[in-house]
Ligand SMILES: Nc1nc2c(ncn2[C@@H]2O[C@H](COP(=O)(O)OP(=O)(O)O)[C@@H](O)[C@H]2O)c(=O)[nH]1
Ligand SMILES: [Mg+2]
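Residue numbers (this note's numbering): 82 to 362.
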């Protein structure tokens with residue numbers, strides 16, 4: 082799927098999401114724990130307004146634990162609770178149920194005081210592409226749900242995925258696009274594998290990453306590529322890495338194209354360890 086900023090597409094996605102929002106008590110917003118700012122849709126706050134929200138920072142296994150914890154503290158507010166999850170491995174039904182009940186606590190208590198027996202909390206999952214919406218819904222449903230939701234112009238009947246007596250989830254996630262006119266947002270999405278390589282030149286992405294790593298995590302670069310010191314210029318640094326990895330052409334010159342591909346793949350596959358590209362100020 083090509084992710085671009087399609088205003089027409091967005092309008093439709095927004096309208097559909099607003100329709101579905103009427104059906105739920107609570108919004109579960111997924112964001113990638115490594116890039117909680119870049120993996121957010123800027124229109125979402127306006128669409129959700131004051132509806133109670135649970136933010137799930139996904140891909141916990143790929144982020145730095147302390148930084149994810151800092152984000153959990155930073156992003157929570159009066160109407161928003163934040164948790165982190167490895168959606169592939171955590172058995173999070175109890176954790177998710179608990180969090181949903183926590184977010185809805187006041188409303189539930191009010192109903193009980195009025196003698197109304199609370200029905201199951203109804204929630205919908207929203208987020209930008211690649212944050213794990215389908216993974217989460219499918220795991221919670223215990224089966225693969227048809228993946229038509231990411232395509233425009235396909236309407237389907239909504240179903241509820243029952244987690245237990247307390248929580249029901251809409252089986253169709255709300256998809257909104259990230260806004261990546263800001264180059265940093267684009268780089269962060271590319272480094273975490275959220276956008277296709279055709280959208281941003283790999284070379285620019287790698288230059289950004291090497292500069293960021295030199296500034297923030299120089300030790301990791303030194304260890305991974307067995308370098309004593311890191312050249313300040315990103316191309317000189319790339320050449321150092323190319324030589325260290327013997328990426329040389331027949332003339333014995335550094336073949337940076339190969340090195341660029343390797344560095345981006347190694348970063349995405351966590352060969353330099355878990356990296357949180359965005360950190361609370
Ligand atoms: N390591 C890891 N990978 C995840 C996690 N959640 C989702 N993924 C992977 O991220 C990719 C995108 O997930 P998907 O559910 O399709 O995202 P969607 O576009 O929001 O529906 C898939 O390759 C998933 O296997 C997670 O918590 N940890
Ligand atoms: Mg999906």
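A virtual CB, placed ideally from N, CA and C, is assigned to each residue, including glycine.
Spanning the alpha carbons of residue 322 and residue 310 requires a straight line of approximately 11 Å. Here the distance from the Cβ of residue 149 to the nearest heavy atom of ligand 1 is not below 8 Å. The DSSP-derived three-state label of residue 110 is strand. In the structure shown, the three-state DSSP call for residue 158 is strand. Between residue 139 and the set 152, 246 and 243, the nearest pair of CA atoms involves 152. In terms of Cβ geometry, residue 217 and residue 168 form a close pair [threshold 9 Å]. A Cβ-Cβ distance of about 27 Å is found for the pair residue 286 and residue 254, leaving them out of contact under the 8 Å criterion.
Taking the CA atoms as reference points, residue 124 sits about 14 Å from residue 102.
Between residue 202 and residue 107, the beta carbon gap of about 6 Å places them in contact (Cβ cut-off 8 Å). Between residue 154 and residue 204, the gap from beta carbon to beta carbon reaches 9 Å or more. In terms of CA proximity to residue 338, 288 leads the group 288, 305 and 307. DSSP places residue 238 outside both helix and strand once states are collapsed to three, so it counts as coil. Membership of residue 215 in the alpha helix (DSSP H) is indicated by the continuous run 214-222. Comparing alpha-carbon positions, the option among 314, 129, 210 and 119 lying closest to residue 263 turns out to be 119. Taken through DSSP and simplified to helix, strand or coil, residue 255 comes out as strand. Each of 111, 139, 140, 141, 142, 143, 166, 167, 168, 169, 208, 210, 211, 212, 213, 214, 215, 216, 217, 231 and 254 has a C-beta closer than 7 Å to some heavy atom of ligand 1; these make up the full list, in chain order. For residue 355, the closest of 301, 341 and 211 by C-alpha to C-alpha distance is 301. The closest CA to that of residue 135, considering only 165, 307 and 194, is found on 165. Taking 8 Å as the cut-off, the C-beta of residue 242 does not count as close to any heavy atom of ligand 2. At least one heavy atom of ligand 2 falls within 8 Å of the beta-carbon of residue 256. Per DSSP, reduced to three states, the secondary structure at residue 291 is helical.
For residue 206, the enclosing beta strand (DSSP E) starts and ends at 202-208.
A check of alpha carbon separations from residue 179 across 331, 275, 162 and 226 identifies 162 as the nearest. In terms of Cα proximity to residue 346, the closest of 211, 274 and 304 is 274. Secondary structure at residue 177: helix, using DSSP grouped into helix, strand and coil. Around the CB of residue 193, fewer than 16 other CB atoms lie within 10 Å, so the residue is classed as exposed. 317 is the residue among 185, 348, 317 and 160 whose C-alpha sits nearest the C-alpha of residue 336.
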